[in-house]
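These notes are about the structure you will find just below.
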Amino acid sequence: MRSTHGVNCTGSCSWKIYVKNGLVTWETQQTDYPRTRPDMPNHEPRGCPRGASYSWYLYSANRLKYPLMRKRLMKMWREAKKLHRDPVEAWASIIEDADKAKSFKQARGRGGFVRSSWQEVNELIAASNVYTVKTYGPDRVAGFSPIPAMSMVSYASGARYLSLIGGTCLSFYDWYCDLPPASPQTWGEQTDVPESADWYNSSYIIAWGSNVPQTRTPDAHFFTEVRYKGTKTVAVTPDYAEIAKLCDLWLAPKQGTDAAMALAMGHVMLREFHLDNPRQYFTDYVRRYTDMPMLVMLEERDGYYAAGRMLRAADLVDSLGQENNPEWKTVAINSNGEMVAPNGSIGFRWGEKGKWNLEQRDGTTGAETELQLSLLGSQDEIADVGFPYFGGEGSEYFNHVALDNVLLHKLPVKRLQLADGSTALVTTVYDLTMANYGLERGLNDENCAASYDDTKAYTPAWAEQITGVPRAPDHPYRTGVRR
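Quick note: the sequence shown uses UniProt numbering, first residue 1, plus one each step.
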């Protein structure tokens, strides 16, 4: 019979399952996948050793078939039920007793599970949820429910329950631990990634946080095959993992220093493609598809300013003509120096007319407009803006670079008159980003780097001290060789 191993695996490999007298005996890979287009490799072979041994899990003595509860908690719960008819009061008698609460919490991670019943565990869970909602509020109940890809009735039941009581729904990223949390943090929802065969269409691949041969075994052949067409591959891993041997370049930052290396990469990309050699492709992309042109209000601190919230149409006189959700519409300055609320911010998306498209159009007139990325050259004044610096915190595992906890950078700003009669300094997200990455733009900023060799945040020289990864000016891409 045909089947797959869909529990905690998105490979969806097709397998032949051999059954004898109602028992699974062994499995072999199916070899009848549809042919892909002629210019791409086939999906076959698919499968991995974990899938081939999956039948062992079915009959393993370690497979959980019944609900389990820690013996210490079970004893407390049953004793509390004898004293309190209300399950919520029974749970309160445990959790509000400091000694009892400490006792069962300290048992976590030490085993001690015994068999319970569905009736008992469901009652305990329900009682604890009700107690938490009554005592601390519904948003203090957090949980994760699997993605409802197969059945909205069963797979989405957890999400529906949490939503109905006002709880907090955690994401697939919080639970799975090997997905990029920056994606939902930035866009607010899960990424919609292409299939692994699409790797073959790439010309440059960075394997970062993914040991492809081990964790994506059925797709690993695409990663090796793409090199035959000249694609450059880079592995970022502190150890010599399987993925490292498949790549042209292996970067081995010390454990826990990935962020420092990423900051240095961002510094280089911004300098190379936005500052020293501006490329229209990149500037047009960030102007249209990101919040880089949007204005941010600056908040006054002790002798300097700091980035505050986004400037909204509702902050300005007449709300820039926006009558529908002006509190949720961001503002930018176009090439003519005019304030506009461009299409695409959340206020347009959830407005009465529902304009979902992200476009460089004036949200009021609908006319095409080009947004300014930077205020440099058209600023009213230059302000000192503070940025937090965490690279100075010492660690026993890697070096640190001691700098001030708050780095002051010089930014071009404009002073605006707000609807309430007050004034505010604003700058663009782009200007904030360039300053935060330590890029000198002719403003005589002592905390910005003039070259990659300056040990200032966040240059390759700075990152080298923390990560141990050489700044390597002559790497395979520039020398034109594989190694």
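The C-beta atom is built at its ideal place from N, Cα and C for all residues, glycine as well. All figures in this text were calculated on a predicted structure; none of them were measured in a lab.
The C-beta of Asn336 has fewer than 16 other C-beta atoms within 10 Å across all chains shown, which makes the residue exposed. Positions of the alpha helix (DSSP H) runs, each at least 4 residues long and wholly inside the region 413–449, are given as 429–436 in order along the chain. The C-beta separation of Leu270 from Met69 comes to about 54 Å, leaving the pair out of contact by the 8 Å criterion. Take the alpha-carbon of Ala314 and the one of Glu323: they are about 9 Å apart. The C-alpha of Ala235 is placed about 6 Å away from the C-alpha of Ile206.
In the structure shown, the three-state DSSP call for Val88 is helix.
Exposure of Ile125 is indicated by the presence of fewer than 16 other C-beta atoms within 10 angstroms of its C-beta.
Sequence-distant partners of Ile165 (beyond 5 residues in either direction) whose C-beta falls short of 8 Å from its own C-beta, in its chain, are Asn129, Val133, Pro138 and Val141.
DSSP places Asn334 within a strand segment (E or B) once states are collapsed to three.
Counting of Cβ neighbours within 10 angstroms places Ser374 among the buried residues, the total reaching 16 or more. Listed in chain order, the alpha helix (DSSP H) runs fully inside the region 284–354 are 346–349, counting runs of at least 4 residues. The C-beta distance from Ile94 to Met76 rounds to 5 Å, short enough to meet the 8 Å contact threshold. Between Asp404 and Gly392, the alpha-carbon positions lie close to 8 Å from each other.
Thr330 is classed as buried because its beta carbon has at least 16 other beta carbons within 10 Å across all chains shown.
Close CB contacts of Asn399 within its chain, under the 7 Å cut and outside five residues either way in sequence, are with Gln465 and Ile466 (chain order). For Phe390, the three-state secondary structure derived from DSSP is coil. Tyr437 places its beta carbon 8 Å or farther from that of Pro293. In this structure, the CA atom of Thr237 is about 27 Å from the CA atom of Pro388. At the C-beta level, Ala127 and Ala90 come within 8 Å of one another. Between the alpha carbons of Tyr204 and Ile243 lies a gap of roughly 15 Å. In the DSSP annotation of this structure, Val141 is not part of any alpha helix (DSSP H), being labelled neither H nor E.
With a threshold of 16 other beta carbon atoms within 10 Å, Tyr305 meets it and is buried. Around the beta carbon of Tyr289, fewer than 16 other beta carbons sit within 10 angstroms, so the residue counts as exposed. For Ile243, there is no enclosing alpha helix (DSSP H), as DSSP gives it neither H nor E. A distance below 8 Å separates the beta carbons of Ala264 and Thr459. Looking from the CA of Glu370, the closest CA among Tyr285, Arg349, Leu246 and Leu416 belongs to Tyr285.
With respect to the 8 Å criterion, Pro41 and Tyr200 are classified as neighbours on the basis of their beta carbons.
Ranked by Cα distance from Ser14, the first of Thr28, Asn8 and Ala383 is Thr28. Taking the Cα positions, Leu376 is about 11 Å away from Lys410.
In this structure, DSSP gives Met40 a state outside helix and strand, which the three-state scheme calls coil. If you draw a straight line from the Cα of Val114 to the Cα of Glu79, it comes to about 16 Å. Annotation: the continuous alpha helix (DSSP H) that includes Thr132 extends over Trp118 to Tyr136. Met76: member of the alpha helix (DSSP H) spanning Lys71 to Leu83, first to last residue. In the DSSP annotation of this structure, Leu263 is not part of any beta strand (DSSP E); the continuous alpha helix (DSSP H) holding it starts and ends at Asp258 to Leu270. Taking 8 Å as the cut-off, the beta carbon of Leu358 is found no closer than this to the beta carbon of Met339. Rounded to whole angstroms, Glu368 and Ala341 show a C-alpha spacing of 12 Å.
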